[in-house]
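Numbering (full-length UniProt numbering), first residue to last: 1 to 544. Here's the structure, in structure tokens; my notes come after.
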């Protein structure tokens with residue numbers, strides 16, 4: 001405390017700050033080694049980094065060139081500095097996460113070493129490496145900052161994913177694997193079992209069914225065959241997918257294990273895995289699953305860490321989580337952030353400000369086309385899952401009236417401003433949120449809205465009709481209500497108003513280019529009216 005600070009100050013007054021002189025002495029001793037320097041590489045990388053990480057600017061300036069000299073020695077001896085590179089990445093990770101270093105160190109590391117590399121035999125390869133280490137230090141500082149307190153689970157996961165992707169990019173497998181296990185552990189702690197499964201699957205898919213050994217990793221404390229690690233990881237992932245109700249993703253892993261066990265005549269394991277696979281199919285059909293909600297989150301302002309700053313993400317909500325609950329969870333995480341109103345992206349003034357601004361809204365998942373389901377009667381529990389899963393496209397619709405609003409028929413002037421989002425990866429995945437890779441703003445006119453509405457209802461009617469034809473004991477009311485709402489909706493007037501607005505000479509004269517789309521709408525409506533009037537599902541006289 002105060003006594004320690006007093007003693008430190010007293011010693012400095014009496015003896016001056018000996019750290020600088022000791023640092024210079026270390027540099028001098030290193031250079032005296034001459035040709036024998038190679039005997040201490042890469043073992044001295046960590047001690048030299050530790051000296052340079054001491055929070056003293058002048059000492060850092062004195063000691064950082066030692067890293068450069070080690071790189072040059074290795075380059076001359078081996079025609080590359082791969083060993084030093086690997087050691088620097090590993091020890092920087094260890095030292096920064098344990099509390100050493102700061103933003104000043106990151107800047108000095110690059111400002112001092114990059115020019116030295118440029119003017120040396122290391123050239124571009126040296127500069128690239130120093131830039132890469134500078135980037136790593138920034139990622140590690142972000143991770144350390146959010147790991148220092150409670151209540152920052154999402155930010156910790158985001159930082160871990162960035163580190164994981166960084167090590168994958170530079171092909172440092174040992175460090176990449178280390179963060180896979182860390183991220184999976186954090187997901188399990190947060191009860192994100194599906195995401196934990198996908199995270200461990202990153203490692204499992206990188207292994208072969210081989211007897212080649214791999215170094216200790218994760219829960220494996222000794223060197224072990226690749227195939228054994230892969231098998232154990234598959235079993236763990238299958239269990240996590242079961243807990244996360246992602247049975248569709250567990251089944252392919254069961255099949256792969258079954259092929260292995262059958263080939264190797266491990267019939268007990270085969271039987272158990274086949275039973276697990278059958279259990280997953282039963283759960284898909286029988287168990288009720290809650291469809292997740294998705295949310296668009298824009299994080300603006302320099303108060304956010306770099307990996308979030310001025311970026312847009314799609315988030316997958318927790319079970320039963322709606323917009324109000326999600327916003328509360330988000331504002332608890334970022335307690336100083338201000339919520340932005342409106343739907344338009346903020347101005348540069350907000351993006352460049354020192355504060356934190358959040359823009360949040362619900363978005364609708366757009367299911368992928370399932371060609372394997374075409375022409376087949378698909379159980380509702382199966383098709384319902386894919387409406388909100390294995391999705392990477394989303395949209396947000398903002399209705400508005402163009403021109404004077406018609407009180408007698410609102411659909412005549414009702415337009416939609418639609419924002420389409422594409423996430424970098426499909427959900428579910430190794431994270432509960434992914435960055436938006438692209439977005440597009442389009443406008444839908446009243447006719448386009450009508451075609452889309454009737455078309456989507458057509459699909460719903462076909463699905464319900466097929467289910468009733470397959471099982472006549474099902475309650476007919478949902479189908480009756482669907483048709484009734486389409487033909488004569490309480491809000492908007494349904495098909496009756498479509499006829500008033502679009503099927504008249506005045507509309508044809510004022511919109512000559514819309515005739516093909518008008519005909520398309522007519523055909524869709526005729527199909528629905530025919531279904532309602534002729535009772536295509538074969539139930540006799542049913543009042544709608």
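Cβ coordinates follow ideal geometry from the N, Cα and C atoms, glycine included.
DSSP three-state assignment for residue i, whether helix, strand or coil
i, result
"residue 501", "helix"
"residue 101", "coil"
"residue 243", "helix"
"residue 63", "helix"
"residue 522", "helix"
"residue 538", "Confidence is the limiting factor: at residue 538 the pLDDT is only 47, short of 50, which leaves the residue's position unreliable, though a coordinate-based value still follows. Coil at residue 538, not helix or strand."
"residue 335", "coil"
"residue 382", "helix"
"residue 28", "helix"
"residue 555", "There is no way to answer for residue 555, as the model of the chain reaches only from 1 to 544."
"residue 22", "helix"
"residue 212", "coil"
"residue 249", "helix"
"residue 530", "helix"
"residue 189", "helix"
"residue 220", "strand"
"residue 392", "strand"
"residue 362", "strand"
"residue 291", "coil"
8 Å contact criterion, which residue i and residue j should meet: CB distance rounded
i, j, result
"residue 296", "residue 284", "At roughly 29 Å, the Cβ-Cβ gap does not stay under 8 Å, so residue 296 and residue 284 are not in contact."
"residue 382", "residue 368", "The Cβ separation is near 14 Å, so there is no contact."
"residue 498", "residue 450", "5 Å"
"residue 84", "residue 70", "6 Å"
"residue 318", "residue 158", "Actually they are not in contact, since the Cβ atoms of residue 318 and residue 158 sit about 17 Å apart, beyond 8 Å."
"residue 92", "residue 49", "7 Å"
"residue 180", "residue 199", "6 Å"
"residue 302", "residue 353", "7 Å"
Residue i and residue j closer than 8 Å at C-beta
i, j, result
"residue 137", "residue 101", "yes"
"residue 230", "residue 207", "yes"
"residue 176", "residue 168", "yes"
"residue 142", "residue 305", "yes"
"residue 344", "residue 300", "no"
"residue 421", "residue 402", "no"
"residue 267", "residue 365", "no"
"residue 72", "residue 120", "yes"
"residue 178", "residue 134", "no"
"residue 59", "residue 32", "no"
"residue 287", "residue 251", "no"
"residue 144", "residue 432", "no"
"residue 113", "residue 68", "yes"
Euclidean distance between Cα positions of residue i and residue j
i, j, result
"residue 456", "residue 408", "25 Å"
"residue 234", "residue 255", "11 Å"
"residue 211", "residue 111", "47 Å"
"residue 217", "residue 418", "47 Å"
"residue 527", "residue 170", "57 Å"
"residue 444", "residue 379", "33 Å"
"residue 374", "residue 174", "44 Å"
"residue 222", "residue 249", "30 Å"
"residue 228", "residue 387", "36 Å"
"residue 513", "residue 359", "38 Å"
"residue 126", "residue 35", "21 Å"
"residue 315", "residue 240", "20 Å"
"residue 298", "residue 94", "32 Å"
"residue 549", "residue 190", "Limits of the chain in this structure are 1 at one end and 544 at the other, which puts residue 549 out of reach."
"residue 43", "residue 88", "11 Å"
"residue 416", "residue 397", "6 Å"
Just to confirm the assignment: which complete beta strand (DSSP E) runs, minimum length 3, are found wholly within the segment 408-445? Listed in chain order, they are 414-427, 433-444.
Alpha helix (DSSP H) runs contained entirely in the segment 307-332, provided each spans 4 or more residues
Counting whole runs of 4 or more residues, the segment 307-332 contains no alpha helix (DSSP H) stretch at all.
Next on the checklist: Quick check for students: name the residue ranges of the alpha helix (DSSP H) that lie wholly in the segment 71-145, counting only runs of 4 or more.
Outcome noted: Uninterrupted alpha helix (DSSP H) stretches at least 4 residues long and entirely within the segment 71-145 occur at 82-97, 103-118, given in chain order.
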